[in-house]
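Residue numbers (the working numbering): 13 to 287. Written below as structure tokens is the structure these notes are about.
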């Protein structure tokens, strides 16, 4: 981010930067799973082993002692998607003695939505910590009716003595990077590696076919409904507010081919906002 100098290497140093900058809002920081994982693991495309989990536990403990107020995971992202229950429980236990919560962007808000809510409840129960599911909602049209079932799962956990809760996004659309919908093989090695694959027409075609078929993601993609809501390059501002279908029609390509090529053209940065 231009103009921002990353001078901190710990939660304490980061919070000191925040204190000195005197922001106009209160800041309650969580320690994230992803940076801790990167610090400890050379290969994040697998679950952590016991020794690695123990090191991450200690790092989270340190961050909590320095002012963090909880532990957070984002299990749809490439660098954390391979974390299993044992790993997350082993790290989340660090919040137990301080009374802070485990916050999670659950593993899947599409076809496996209810299983992902159940997994989050299980992790918090085993770690003996409160749970907050971040912006919980069934994101695929195919599972829209499961919101009530998800809330029932949380009520059931509460009745069994767990402290569980969730927050929601109070608007009709939610956006996210389309890159997170690519198959794990396409995302392996980070965005630079993904872009290198997309420069290969055969691999780009394979990525497009997988986006179309749903392989690698569980969203019910309706290209007419997928509006571009964010881009990383100024020359692509003209995409904003338009659906993938609209942009594909202008190019004379299929929506999945267009969506994939746009990833290459925007350095992997653009977001879509389906309802």
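Even for Gly, the Cβ is constructed at its ideal location relative to N, Cα and C. Remember, it's a predicted structure, so these values are computed and weren't measured experimentally.
Legend entry - Member of 175, 54 and 181 whose CA lies at the smallest distance from the CA of residue 112: With respect to the C-alpha of residue 112, the residue from 175, 54 and 181 having the closest C-alpha is 175.
Inset, instruction - Could you pull out every residue in the same chain whose Cβ sits closer than 6 Å to the Cβ of residue 128, ignoring the five residues on either side in sequence? - result: Cβ neighbours of residue 128 beyond the five flanking positions: 118, 119 and 120.
Inset, instruction - Leaving aside the five residues before and after residue 287 along the sequence, list all residues of the same chain whose C-beta is less than 7 Å from its C-beta, in chain order. - result: Here the set comprises 184, 185 and 237.
Legend entry - C-beta contact flag for residue 307 and residue 273 at 8 Å: The question about residue 307 has no answer here: the residues shown for the chain are numbered 13 through 287.
Legend entry - CA nearest to the CA of residue 192, picked from 172, 159 and 271: The candidate whose alpha carbon is nearest that of residue 192 is 271.
Legend entry - Buried versus exposed call for residue 278 [16 or more other C-beta atoms within 10 Å across all chains shown]: Result: buried.
Inset, instruction - Indicate whether residue 178 and residue 194 have their beta-carbon atoms separated by less than 8 Å. - result: Against a cut-off of 8 Å, the Cβ pair of residue 194 and residue 178 comes out as no contact.
Legend entry - Supposed close pair residue 280, residue 207 - CB separation, criterion 8 Å: Residue 207 and residue 280 do touch by the CB rule: their CB atoms are close to 6 Å apart, below 8 Å.
Legend entry - Sub-8 Å separation of residue 47 and residue 95 beta-carbons: At the C-beta level, residue 47 and residue 95 stay beyond 8 Å of one another.
Legend entry - Minimum C-alpha distance to residue 172 - residue among 134, 124 and 258: Out of 134, 124 and 258, 134 has the C-alpha closest to the C-alpha of residue 172.
Inset, instruction - Give the DSSP-derived three-state secondary structure of residue 155 in the structure shown. - result: Reduced to three states, the DSSP call for residue 155 is helix.
Legend entry - Three-state secondary structure (DSSP) of residue 143: Strand.
Inset, instruction - Could you tell me the boundaries of the alpha helix (DSSP H) in which residue 197 lies? - result: Annotation: the continuous alpha helix (DSSP H) that includes residue 197 extends over 196-199.
Legend entry - Per DSSP, cross-strand counterpart(s) of residue 84: Bridge partners of residue 84: 44 and 115.
Legend entry - Paired residues, beta bridge with residue 283 - DSSP: BP columns for residue 283 point to 189 and 242.
Inset, instruction - Using only alpha-carbon positions, find the residue among 25, 144, 155 and 210 that is nearest to residue 170. - result: With distances taken between Cα atoms, residue 170 lies closest to 144.
Legend entry - Pairwise C-alpha distance: residue 76 and residue 242: Taking the Cα positions, residue 242 is about 33 Å away from residue 76.
Inset, instruction - Give a yes or no on whether the C-beta atoms belonging to residue 79 and residue 41 are separated by under 8 Å. - result: Yes; because the gap between Cβ atoms is below 8 Å, this pair is in contact.
Legend entry - Residue span of the beta strand (DSSP E) that contains residue 250, given as start and end: DSSP places residue 250 outside any beta strand (DSSP E), giving it a letter other than H or E.
Legend entry - Close Cβ partners of residue 83 (< 6 Å) along its chain, the five nearest in sequence each way excluded: Excluding residues within five positions, the ones whose Cβ falls inside 6 Å are 43, 72, 104, 107 and 114.
Inset, instruction - Give me whichever residues DSSP pairs with residue 177 in a beta bridge. - result: 144.
Inset, instruction - In the DSSP assignment, find the alpha helix (DSSP H) that holds residue 213 and state where it starts and stops. - result: Here the alpha helix (DSSP H) through residue 213 covers 213-225.
Legend entry - Proximity test, residue 170 beta-carbon vs the ligand GDP heavy atom, cut-off 7 Å: In the structure on display, the ligand GDP does not appear, and there are no ligands present to speak of.
Inset, instruction - Following the continuous alpha helix (DSSP H) through residue 63, name the residue where it begins and the one where it ends. - result: In the DSSP annotation of this structure, the continuous segment of the alpha helix (DSSP H) that includes residue 63 starts and ends at 62-77.
Inset, instruction - Using a threshold of 8 Å, state whether the C-beta atoms of residue 210 and residue 259 are closer than that. - result: In this structure, residue 259 does not lie closer than 8 Å to residue 210 by Cβ.
Legend entry - DSSP state of residue 171 mapped onto helix, strand, coil: Look at residue 171 here: in three-state DSSP terms it is helix.
Legend entry - CB-CB length for residue 251 against residue 282, believed under 8 Å: In this structure residue 251 touches residue 282 by the C-beta definition: roughly 7 Å separates them, less than 8 Å.
Inset, instruction - Look at residue 37 and residue 30 and say whether their C-beta atoms are less than 8 Å apart. - result: No, the pair does not count as a contact, with Cβ atoms beyond the cut-off.
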